[in-house]
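Reviewing the structure listed below.
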Amino acid sequence: MDCRSCNTNVSLVPADDGFGCTCAPDSIQKSVNMCQPCNATELISADGTDCVPRRCQKSGGRVVCRKCPAHYISVTQNFDGSPMKEVTCFKCHRGYKAHDNKCVKCEVCSCGRNEMAVSGKCLPKKYVMERPKYSDNKLHPNALLDIVKLEYLCTQADIRACHALARECVKYLYPTDLAGPCRLWLQKNGTYKGLPYLVHESHKKEITLRRGKNTLLLGMAIYSPNGALQLLQDETQGIFSCLPPILIKVGERYSVDCTKNITDLNSDFGKLFEFFIPGEKYKAFPISILKPDGNFVQKGSWPRSKFRKIFLIDKILSTTANMTTIVYLRKLLITFRIERELKGSLKLYINTEAHFAMKSPLVQQITTTLLVDHEMPYASVYRGLEIWGAIVSLLFCIYAIVQWRGFIRRGGLYISIIPLMVSATADGIYFATVFSTLHALAAETGILGIILPLSQTEENIIKIVLYSVIILKSLKVVWINWNQCRVDVFFIDWSQHHFSISDSPTTVNSDHWRSILLAKEWMEWQAKRRSSPIATVICTLGILQAAEQWKSYIPESNGYKWVIATIVWWFSYTIIFLINWTKHRFIARPMSLLKVCSGAEISLLVFQEEFYAHYVHGRTVYKKLEHNGDDLFRQENESNRLLLSKFLSAFFERALDGLSWVAIERTILERLLDVELTNRGGSNVSTLLYDINDNTPSCLALTWWGEEWTLATFDCMLFGSIFVGTNNLLLAAITTILIYQMLKELRLWFGSRNLKQKTGVNV
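In terms of the working numbering, the sequence shown is residues 437 to 1199.
Here it is as structure tokens:
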């Protein structure tokens, strides 16, 4: 295809479609390929075929042509279509005005004596004069005139004017001024036909969901400025993701932010939106309006403070400057308050808030937020916590008092009741919360057929309880570690039994390695646990990950997620504990400390309290038989004197002089509770307690091995509190492991430091 240029010498320019040439502006066509421009003193005729002269004159070297006055139009052709000799001005008839060189009907041009022109309409003077005077100074004068015109037309049964007036009332956010745009709705002397409903009716606001149903569809009605009505009753019909229709799951919080450019919302200016529930006889939502100044629209002259219609974006004329201000919907907050019915159904009360803001002139985008929240009914967690908390805490506190009594009899401090009672209270409240939440979860499934999330109050109670118990439990953990890192430890070397007292000092340096061996073995047990927290954490995460497909059956509730994670934690802990118990019971018994003491011929004496110590015997019988009777008798006497001297000197330092000893087996209950329940012997008799058929050294009670319950509950409380606070299982698991490792390193360092101070052995 060949292209050619248009000949500008004959006033030809490219046509709009680009496929030909046409006459330039102010030119008339002479032939197919030629146009003739009109002079400056001529006008093109109405049919575009002739140049008609105008009446012009020269003034100061310039040509000035006459213009037609107001209400006149310029005519270039006669009635028969022939061109006039010159342009003639004709005045428009009464009731018409000149507009775009045409005479158009003008209503205000023919106003009667009792009428006045208001925004292009003839309104009765009486109506305008009797109307209340607007003095709020929040409306532009031109906008106020338009409102007055629409008011009058609406009173004359003009349906379109009534809908336009409703848009003005909503656009200015329901002002309560009786002279404002909402005057027809605020006055109490009557209603007008065709006036749209703006205030929410007084009928019931609740919605009933049958048993087993937990979803609700929110629909939307759109009122366009041209009078069109569009109903959106399917979530797939959404035109804006921050506005309905949306499908809401009861108890599931929904939030979305939408950012759009102003130019993309031109078609939404002037539109009104109304929210309803499809299939519920068109129940419109009650909406509270928050103005850009931060105040809600008050009831004032309105019958109620709940409204039906809002807008997304609109323009308002400024009263101080010749410019428009854009007001838009900043946040739409829909809150459902849920109540249970006796038959297992749910009753929903809806409260909607529309927050409006003004767009900054520096930006061209607006952001609208849709937030759906729920006020859930109470699931009896608080009531269950009161009952279970009283019972379980009482039992734990009684056990703590029994423990404290045993500590006092052993020579412990009276102040030890504080960490014991604090720990017992923490255990009682913690397990009461677990039982209450688990009971609520089971009850929800049985009564309603669906699981509703916990109320925000109950969620906060669980969170506060977990934060409180971890703080209380930390006091007990610090207390037991502080006690274990300051115990008195004695190594009794039985190898000196084979030498005379004068020769025994020479063997100290050569036998020092045996003390180091025992010290290392003792330190190995300091931070050893019956069930590894790391293995428990890994097992818990594995089970929860394997049960990920069941997550959809659990609502978005941190309380329910926590109780499920807690049950899985204790299940994992029990499995690992039983595996270790079976291994230590039947496969590899924890007798390494006994073997080291026997092999090194060193007994271990560890004082737990002032009147209570643990003894691990390290003397071997076969070493006695290597000597003859005389030597044995002589060396045994010397060794007994040496041992007695060392043993008594240690007891004298512990204020135990003058006491005799008796060996008694502990009862089963005493072994389980680790306390002495009965008095044994007189005031001058010391008691040697032992456990028959138990190869586990009792001195392990002064290590983490003997405080497994305290440490296990601390780990679970720590894991749960972090999980509830962050809603992140992985973060809770990592934090729990890191804190465990940190406490372990601190325990080993302080334990090694104490052992060096008490025995002189550096490990």
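Ideal Cβ positions, reconstructed from N, Cα and C, are used throughout, including at glycine.
Counting the other CB atoms within 10 Å of its CB gives residue 913 a total of 16 or more, which places it among the buried residues.
By the CB criterion at 8 Å, residue 687 and residue 888 fall inside the cutoff.
Counting the other Cβ atoms within 10 Å of the Cβ of residue 721 gives 16 or more, which makes it buried. For the pair of segments examined, the region 552 to 565 was found to touch the region 573 to 590: the number of CB pairs separated by less than 8 Å reaches three. Between residue 591 and residue 628, the C-beta spacing is below 8 Å. Note that the region 891 to 901 touches the region 983 to 999; at least 3 beta-carbon pairs, one per stretch, sit closer than 8 Å.
Within the region 1120 to 1185, the complete beta strand (DSSP E) segments of 3 residues or longer fall at 1121 to 1126, listed in chain order. Ranked by how close their Cα comes to the Cα of residue 795, the residues 660, 598, 697 have 697 in first place. Shown here, residue 473 sits in a strand according to DSSP, grouped into three states. For residue 762, the enclosing beta strand (DSSP E) has its first and last residue at 760 to 776. Unbroken beta strand (DSSP E) runs of no fewer than 3 residues, entirely contained in the region 530 to 596, are found at 532 to 535, 538 to 541, 551 to 554, 557 to 560, following chain order.
Non-local beta-carbon contacts of residue 1188 in its own chain, meaning distances under 7 Å to residues more than five positions away in sequence, involve 959, 1199 in chain order. A buried status is given to residue 1153, since no fewer than 16 other beta-carbon atoms sit within 10 Å of its beta-carbon. CA-to-CA, the gap between residue 765 and residue 652 works out to about 23 Å. Its chain contains 1158 as the residues whose beta carbon lies nearer than 6 Å to that of residue 1171, once the 5 sequence neighbours on both sides are disregarded; these appear in chain order.
Per DSSP, the unbroken alpha helix (DSSP H) holding residue 1002 starts and ends at 994 to 1018.
Looking only at 692, 1136, 673, 840, the smallest Cα-Cα distance to residue 809 is reached by 692. By the Cβ criterion, the region 795 to 807 is not in contact with the region 845 to 858, since fewer than three pairs of Cβ atoms, one from each stretch, lie closer than 8 Å. With respect to residue 460, residue 479 sits apart: the two C-beta atoms are not nearer than 8 Å. The Cβ atoms of residue 661 and residue 603 sit closer than 8 Å to each other.
One thing to note: residue 876 has its Cβ within 8 Å of the Cβ of residue 815. Per DSSP, the unbroken beta strand (DSSP E) holding residue 1038 starts and ends at 1038 to 1045. Boundaries of the beta strand (DSSP E) around residue 510: 508 to 513. In this structure, 964 is the residue among 597, 964, 1045 with its C-alpha nearest to the C-alpha of residue 1181.
Fewer than three Cβ pairs drawn from the region 786 to 793 and the region 828 to 846 lie within less than 8 Å of each other, which leaves the two stretches out of contact.
For the region 652 to 710, the full-length beta strand (DSSP E) segments reaching 3 residues or more read 665 to 668, 682 to 685, 690 to 697 along the chain. For residue 948, the uninterrupted alpha helix (DSSP H) segment begins and ends at 948 to 960. Secondary structure of residue 781 (DSSP, three-state): coil. Per the coordinates, the alpha-carbon of residue 860 lies some 11 Å from the alpha-carbon of residue 911.
In the three-state scheme derived from DSSP, where H, G and I count as helix and E and B as strand, residue 819 is classed as helix.
When DSSP states are grouped into helix, strand and coil, residue 740 belongs to the coil group.
Minimum Cα-Cα distance from residue 1047 among the listed residues 843, 967, 987 corresponds to 843.
Contact check for residue 706 and residue 750: beta-carbon distance about 6 Å, within the 8 Å limit, so the pair qualifies.
In the assembly as shown, residue 969 is a buried residue. Its beta-carbon has 16 or more other beta-carbons within 10 Å. Per DSSP, the beta bridge partners of residue 643 are 784.
Of all alpha-carbon atoms in 599, 530, 758, the one lying nearest the alpha-carbon of residue 575 is that of 758.
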